[in-house]
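Notes follow once the structure below has been shown.
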Amino acid sequence: MNVIIPGSRQTGKTTAASKLVERLRANGKTVAGFLCPGKNIVDLATGEERVFLSKEPVPGAQRTGPYYMSAEAIAFGEAAAKKQADYVFIDEYGKLELQERGFYPLIKELFPNNNCIILVRNINKEPFLERFGKENCKVFELTKENRDELPQIIYKELLH
485 MNVIIPGSRQ TGKTTAASKL VERLRANGKT VAGFLCPGKN IVDLATGEER
535 VFLSKEPVPG AQRTGPYYMS AEAIAFGEAA AKKQADYVFI DEYGKLELQE
585 RGFYPLIKEL FPNNNCIILV RNINKEPFLE RFGKENCKVF ELTKENRDEL
635 PQIIYKELLH
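The sequence shown begins at 485 in my numbering and counts up one residue at a time.
Right, dumping it as structure tokens:
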């Protein structure tokens, strides 16, 4: 089952996903992919971390707002998400992906056939569902009110 977790900025999508990762691992499940706390990107299988967003232009970088996402960071995330695992996390489907840039090719490749858990800003939820299909996933809306309970709710749904 694929899962998307839409939420507004600064509601704790990455934190909730991190708690879900911990819960899955504690119960013998393997996870791959990446989370992006702050301006870094973390490979969930290895714990390796790299700078993801920078205000300084880098050759080959893709611009999103005031930030630049390096080609190296994108390649790092793609490699992290293509590792064999029970669940693959992608943080997040954003402005670049709406323009079919950033991690869009990765999501397009992985989403139909894997147990993907993708974080999405609320504003991008409907475009994501239109592009990838509502029948292909379950949506768990994250709010400040439910962010502490939501990882457990998703966990139970994934294992049933």
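Using N, Cα and C, we set each Cβ at its ideal position, and we do this for glycine too.
When the options are compared against residue i, the one with the closest alpha-carbon
| i | options | result |
| --- | --- | --- |
| E556 | Y588, T514, L537 and R605 | L537 |
| I488 | K622, A529, P550 and G549 | K622 |
| P521 | H644, L603 and K618 | L603 |
| N599 | T514, Y571 and F560 | Y571 |
| Q636 | V505, T495, Q494 and R493 | V505 |
| Q494 | H644, T627 and P550 | T627 |
| L582 | S554, I601, E614 and Y551 | E614 |
| R580 | N511, Y551 and H644 | Per the sequence shown, residue 580 should be read as Leu rather than Arg. The shortest Cα separation from L580 among N511, Y551 and H644 belongs to Y551. |
| E641 | I601, E533 and K523 | I601 |
| K539 | E533, K523 and E532 | K523 |
Spatial distance of residue i from residue j (CA atoms)
| i | j | result |
| --- | --- | --- |
| A563 | G517 | 8 angstroms |
| F595 | N620 | 8 angstroms |
| K503 | T530 | 17 angstroms |
| T514 | Y639 | 13 angstroms |
| F624 | P490 | 7 angstroms |
| K567 | F573 | 11 angstroms |
| I558 | V542 | 13 angstroms |
| K497 | E633 | 12 angstroms |
| G486 | I607 | In the sequence on display, residue 486 carries Asn and not Gly. Each residue's Cα considered, the two are about 19 angstroms apart. |
| F616 | K609 | 11 angstroms |
| K592 | F612 | 11 angstroms |
| T548 | S554 | 11 angstroms |
Test item: CB-CB of residue i and residue j under 7 angstroms
| i | j | result |
| --- | --- | --- |
| G561 | I525 | yes |
| R631 | A500 | yes |
| R507 | Q546 | no |
| A569 | L590 | no |
| L519 | D575 | yes |
Per DSSP, cross-strand counterpart(s) of residue i
| i | result |
| --- | --- |
| Q507 | The displayed chain sequence assigns Arg, not Gln, to residue 507. Paired residue(s): none; R507 is not in a bridge. |
| R605 | G491 |
| R534 | I525 |
| G517 | F573 |
| K622 | V487 |
Along the chain, which unbroken stretches of the beta strand (DSSP E) at least 3 residues long are found entirely within the segment 536 to 569?
Listed in chain order, the complete beta strand (DSSP E) runs (minimum 3 residues) inside the segment 536 to 569 are 546 to 548 and 551 to 553.
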